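Residue numbers (the numbering used here), protein chains in the order written: chain C, 1 to 367; chain R, 368 to 734; chain D, 735 to 1101; chain W, 1102 to 1468.
Okay, so here's the structure we're looking at.
Protein chains: 4
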Amino acid sequence: MAAGSTYGTLFKLTTWGKSHGKGVGVVIDGCPAGLPLDESDIQKYLDRRKPGQSRFTTQRNEADAAEILSGVFEGRTTGTPISVLVRNRDQRSKDYSEIASYYRPGHADFCFDAKYGFRDYRGGGRSSGRETIARVAAGAVAAKVLASMGITVTAYTLSIGPVTADRARFDQKQIAENDLCMPDAAAAAAAADYLSDCMKRRDSAGGICECVVTGLPAGLGEPVFEKIDAALAKAILSIGAVKGFEIGDGFGAAAATGQSNNDSFCMKDGAVKKRTNHSGGTLGGLTDGAPLVFRAAIKPTPSVAAKQNTVNRNGGEISIEIKGRHDPIIVPRAVVVVESMAAVTLLDALLMNMTARLDRIVDFYRR
Amino acid sequence: MAAGSTYGTLFKLTTWGKSHGKGVGVVIDGCPAGLPLDESDIQKYLDRRKPGQSRFTTQRNEADAAEILSGVFEGRTTGTPISVLVRNRDQRSKDYSEIASYYRPGHADFCFDAKYGFRDYRGGGRSSGRETIARVAAGAVAAKVLASMGITVTAYTLSIGPVTADRARFDQKQIAENDLCMPDAAAAAAAADYLSDCMKRRDSAGGICECVVTGLPAGLGEPVFEKIDAALAKAILSIGAVKGFEIGDGFGAAAATGQSNNDSFCMKDGAVKKRTNHSGGTLGGLTDGAPLVFRAAIKPTPSVAAKQNTVNRNGGEISIEIKGRHDPIIVPRAVVVVESMAAVTLLDALLMNMTARLDRIVDFYRR
Amino acid sequence: MAAGSTYGTLFKLTTWGKSHGKGVGVVIDGCPAGLPLDESDIQKYLDRRKPGQSRFTTQRNEADAAEILSGVFEGRTTGTPISVLVRNRDQRSKDYSEIASYYRPGHADFCFDAKYGFRDYRGGGRSSGRETIARVAAGAVAAKVLASMGITVTAYTLSIGPVTADRARFDQKQIAENDLCMPDAAAAAAAADYLSDCMKRRDSAGGICECVVTGLPAGLGEPVFEKIDAALAKAILSIGAVKGFEIGDGFGAAAATGQSNNDSFCMKDGAVKKRTNHSGGTLGGLTDGAPLVFRAAIKPTPSVAAKQNTVNRNGGEISIEIKGRHDPIIVPRAVVVVESMAAVTLLDALLMNMTARLDRIVDFYRR
Amino acid sequence: MAAGSTYGTLFKLTTWGKSHGKGVGVVIDGCPAGLPLDESDIQKYLDRRKPGQSRFTTQRNEADAAEILSGVFEGRTTGTPISVLVRNRDQRSKDYSEIASYYRPGHADFCFDAKYGFRDYRGGGRSSGRETIARVAAGAVAAKVLASMGITVTAYTLSIGPVTADRARFDQKQIAENDLCMPDAAAAAAAADYLSDCMKRRDSAGGICECVVTGLPAGLGEPVFEKIDAALAKAILSIGAVKGFEIGDGFGAAAATGQSNNDSFCMKDGAVKKRTNHSGGTLGGLTDGAPLVFRAAIKPTPSVAAKQNTVNRNGGEISIEIKGRHDPIIVPRAVVVVESMAAVTLLDALLMNMTARLDRIVDFYRR
């Protein structure tokens, strides 16, 4: 779709705002009427991506307080657009004044100039990570709808640089308990050491975020162009800094053989189930009843403190040292963004799927 | 978007058809007027995915002849919809009669039943690989438009199972010269041996397809939800059997550090360039002027000849042996599909990008 | 939406084809699975707009035979795209060769040249009335879905030139029984006389088509931009030659006062009803439970046999006499097109409306 | 499109907000970069629809002050979303408390309950006229883009009840000079008398708004479903209280003959022109170079002070007298809304039209 700030077909978000300006926000259209909702539902999600919470996140001090401007009446959604506003507060725009004149490596500065002729250079403008606040606000709403249907969406940090969580030690509680959102306390400790080392070298680290969705009915997604995994891939790659997406065994499946990669069907409690889940919960682009499991590769923070070579707007080759406040790792703060994009995408697919069968439509309107 | 058979915003395809039925086709809407086009332009692309061309592709014998039904007048596109029809010919529907009663592992049979209540069980119906004929027909048209602007899209097989093409031996001519579309004759030979071995074991293999796009201007794509890499990820994951997508260093970037992953800018022939291309040609979701480089992980063909366990529609656990004609590897035939989906996606982004700047719009209408 | 040949969100049509070319067709995506459908369902609708059936329609001799190419299996829709093809047969292209050089008054010739740089000049190309075949094929499918829910869509000729059907003599059977589709035999006879007179003067006539829809639940449509009357207005104005749309009292309401124009609510058989229907079945853009009643103003056929002044492509002022076969009145053949566009629009709204309430969504997925 | 609060393809608005809540607003996505814009540009438009400006508008006292929250940097649009917020101030919610229990005739109360199960009953909620503030804010931006290309959009009151402006006395200056926005001072005076009389009878009046657009190039619009007149019809009917739309001679064309309704082409200053403009500036759904001329029929304000019969939510038949502050006529305040919807629709078509011809696209990217 054009312009790029609207997402979704039936559950539709439109986001706006930049790092340095009056704020960021989202308009959520198509949220079903009757969902109990207040600002605390959204705030819980926003607090998970808030800066300043550990030594691994920027020290920018933002309350990131959500204000619901419309769409809720007497505590319930009305079916009309929910507008959420988060005002920016701690903007030190002068930190960025220098940036106006040159192109930071690994950032979109050059591309924005190429596209629009100029750019809001403060803090990355529209390509700032603060843009994700709007996604998370919408994700909180979508996740609450999904939860009312027994569907859970859980993301976490699978790896940071060379340190990977051990599936044998998987502990869901740990996700909320360590700064790095890893489901393995030992890995989290090792990753913290690795990150400290990166920071000493004025460097940054990348990592992998994994997401698991349970409780989905089989058959979600649409054949051909709207496969559920294709929709998720777009949702996840649309998050800044994500460079790869895989579902189920993903790139591992490319090295496997058919016999080992196929999941056998079996009967369990009277229902069709799969014995394994190499597919990651989708076959032919439709959910297959098993948990959805996918991963996002996230690049290292491009704003490193070390000296770098680049060019300025006048075509001069220069070397720079980026100042300002930057996370040495993006992954832990991206975890709730990944959950949010998965939630809005899956809710949209759930709504769309209601119209697949004539008998069910007739039945729906008969009551 | 709903229903799932329409793709694109300004250059828009709508596909239809199944493995066993009267045929498959595509309606291409929004193709700019004035492109010289005839059926041979499309046929060249279709011939690259045609079955029966080597011992590694199904022996189904299809002419796959494209008929242009509309949208071209006196050898040029008119700006109105181009309808392309490819009739099915060699349908041995009885080969599939048995499949009606059970769910093949690794296929969408079960999911289609879950979604729609029943399914066209012949040859996978709408989830058949023959659906990609329509994409390739549209891709041929998009690629011809792109070529007129100096943009080339080239995909190839990077790896098959454990065998990977050696970048040091990269030879573009080889792509068209070996059955496996590998840009490295030695790797192609080793992969052929590996595949022969798979076939002997009644098994199949997966692999990786890589795609490189040159000649794109900087600034294509839209910030936030319509990032060019996000759009490509969806395009590529929408191809059946694709399980992963990565751009530039992709999952490798997740293990890198910021200093090594950032591409420095420099000046070259008076223009801003990058010294390296870890990003794969995109920053912040916009093209950065370097070649686009992305990869697709493709799973092994799920139709293996070996015995497999599954369930039938009555809930009985059974074991099956799939008959019919199936490729032992999907990758080589997917190469032109990957190129096609890239071409239609990038053309759409090019058209969309024309409206980014007011000065250029005013200038456009002033002439 | 761009390009202009795709219509609808959940029930989505994409049409293609021209007056003189291989044929016209439609791809219907998003049709719910399980609808009994064969070619005769579509043929019945196509036959209502077929030329050559009376002295008031062009003598072009077309079978207009519909072939379903996909989307139906064992007599029922599968939920995947239904592709319908109608081949052109009786094309006398040389009738139009002269038209290539000049712009016919009242036709889109000049506009197509202005937009695309050239045009398929044969028979109006894409702006030919034959384009509506595709709409009617889709309308037949939509109407069958609606009928399965007790919803009927009925259009007819309300007036031709100065002759208007008398509501006091309204006789639904007459619609199918006279050549002019008027629900009043006396008016039809008077209109036939008027048309004969027009033809003698080498002139043509306009008229009004009215459409009534019964059985719709209240609440269809979406507030703000997707009001049901707004969606219908676009659907109807998208039919060539339509110059106006009104719902309920329409332009009459502009001359009324609030007291006379408001419809009082009352209770009837335990349900909320309206005593009158000045609104035409919609309030605030949502259906109000009363029958939808709207009208389309259709201009006179622009291809008149009388001499006309115009210009040629070289900028010369000339006078012309249009040859070829043309209807002296468009309205009677537009009746089934109006019904079709109403049916596809209302079905889309019905599908969309299923996601309005959380309790109903939860209930839908619980079964 | 679903949900209904997003409008447009390339120039896209998303609106939110209600009569009684924190405010109303719009997110404008796809506005070309480089447009000089500040809040005064928007305020000028908002002030034209502001209440409390004459005895014929509600005495609700709203500043309707626009705040631009994003999308503008150093006085120019950046190409990223422009978020505009207008806070509600003078809300007397208790005026509406009674309305909660019953359905007002001519209003959407019943339909909202039918669709969503409950409603925000304060002041009509989302179906309030205050929703149009968001449209006008976007219209101000679109109109400024159009003005930079020499395109003007001018709407005015053509008639109120039985009083119609005399085209022979047409005086554009009068539109801004009388309370009723009529381009004819004498008609405005007569209409004021008529309205005063209506108010004495505790009644309200309807009327017709006409809009003229000059400076458009020929060829805008897309054939088939996205005809420019179809798009305008939807845009205009999506404004609450509009019951009809006609372009050019509109319903008058239905009574005309082909010879009188066709506009002859001629040459003027070396360009193709039309001698007359019965078509209203569009042929085959594409602009024909003549001014666009269309009209909207607007119903009388449904909130009349006189006693009316209706039902309450418990199914009781009651009679009511509506209190609160209501305009006796909607038309004059709708004038700027009609202009706004025309401006956003035409700008979208202008952007879309840039991709119609390959030669122009190649030329665009070559510079």
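Virtual Cβ for every residue (Gly too), placed ideally from N, Cα, C.
None of the values given here were measured: they were computed from a predicted structure.
Residue range of the unbroken beta strand (DSSP E) whose run includes residue i
i          : result
Asn1362(W) : Here Asn1362(W) belongs to no beta strand (DSSP E); instead the alpha helix (DSSP H) covers 1359 to 1362.
Lys243(C)  : 242 to 247
Asn309(C)  : 307 to 311
Leu1026(D) : 1026 to 1032
Ile1052(D) : 1051 to 1055
DSSP beta-bridge partners of residue i
i         : result
Lys640(R) : Cys633(R)
Thr521(R) : Val579(R)
Ala572(R) : Thr257(C), Ile696(R)
Val758(D) : Gly751(D), Val820(D)
Contacts of residue i in chain W (Cβ-Cβ under 8 Å)
i         : result
Asn995(D) : Gly1207, Gly1307, Lys1400, Pro1401, Pro1403
Of the residues the options, the one placed nearest residue i, counting alpha carbons only
i          : options                                        : result
Leu216(C)  : Ala65(C), Arg55(C), Leu346(C), Lys18(C)        : Leu346(C)
Arg49(C)   : Ser5(C), Asp327(C), Val362(C), Leu351(C)       : Asp327(C)
Val1006(D) : Tyr779(D), Gly1023(D), Ala800(D)               : Gly1023(D)
Met1001(D) : Ile1169(W), Phe1346(W), Asn1413(W)             : Asn1413(W)
Gly1049(D) : Ile1423(W), Phe1366(W), Gln1273(W), Asp1272(W) : Phe1366(W)
Leu283(C)  : Lys482(R), Asp431(R), Val439(R)                : Lys482(R)
Asp348(C)  : Ser159(C), Ala2(C), Lys12(C)                   : Lys12(C)
Thr287(C)  : Gly401(R), Asp480(R), Ser407(R)                : Asp480(R)
Val439(R)  : Ala543(R), Gly588(R), Gly401(R), Ala507(R)     : Gly401(R)
Val758(D)  : Lys778(D), Val818(D), Ala737(D)                : Val818(D)
Arg454(R)  : Glu465(R), Glu441(R), Leu436(R)                : Leu436(R)
Cys478(R)  : Ser54(C), Asn353(C), Gln259(C)                 : Asn353(C)
Rounded distance between the beta-carbons of residue j and residue i, thought under 8 Å
i          : j          : result
Asp396(R)  : Pro472(R)  : Contact doesn't hold; Cβ gap of about 38 Å is too wide.
Tyr836(D)  : Ile1063(D) : About 25 Å separates the two Cβ atoms, so there is no contact after all.
Thr1115(W) : Leu377(R)  : So it is not a contact: roughly 20 Å between Cβ atoms.
Glu593(R)  : Val224(C)  : Contact flag wrong, Cβ pair sits at about 20 Å.
Ala664(R)  : Val705(R)  : Incorrect: roughly 12 Å between the Cβ atoms, too far for contact.
Cys209(C)  : Val331(C)  : 6 Å
Arg1236(W) : Met1442(W) : 6 Å
Ala241(C)  : Lys299(C)  : 5 Å
Within chain R, the residues that residue i reaches when beta carbons sit closer than 9 Å
i         : result
Leu744(D) : Ala369, Ala370
Gly851(D) : Ala400, Gly401, Gly446
Tyr103(C) : Phe632, Val639
Pro51(C)  : Chain R residues near Pro51(C): none, gap ~18 Å exceeds 9 Å.
Neighbour list for residue i in chain C, Cβ cutoff strictly below 7 Å
i          : result
Val1242(W) : What Val1242(W) touches in chain C: nothing, since even the nearest Cβ is about 13 Å away.
Boundaries (first-last residue) of the alpha helix (DSSP H) holding residue i
i          : result
Leu819(D)  : Where Leu819(D) is concerned, there is no enclosing alpha helix (DSSP H), although the beta strand (DSSP E) it sits in stretches over 816 to 821.
Thr1456(W) : Here Thr1456(W) belongs to no alpha helix (DSSP H), and DSSP marks it neither H nor E.
Asp775(D)  : 773 to 783
Val1237(W) : 1233 to 1248
Ala433(R)  : First-last for Ala433(R): 433 to 435, but that is the beta strand (DSSP E), not the alpha helix (DSSP H).
Glu911(D)  : 908 to 911
Asp171(C)  : That residue, Asp171(C), is in no alpha helix (DSSP H); it is neither H nor E in DSSP.
Cys198(C)  : 185 to 200
Chain R contact residues for residue i, given Cβ-Cβ distances below 7 Å
i         : result
Met807(D) : Note that residue 807(D) is Phe in the sequence shown, not Met. Under the 7 Å cutoff, chain R gives Asp487.
Thr740(D) : Thr373, Lys379, Thr381, Asp396
Contacts that residue i makes with chain C (C-beta to C-beta distance below 9 Å)
i         : result
Phe618(R) : Ile208, Lys243, Gly244, Glu246, Gly250, Phe251, Arg295, Ala297
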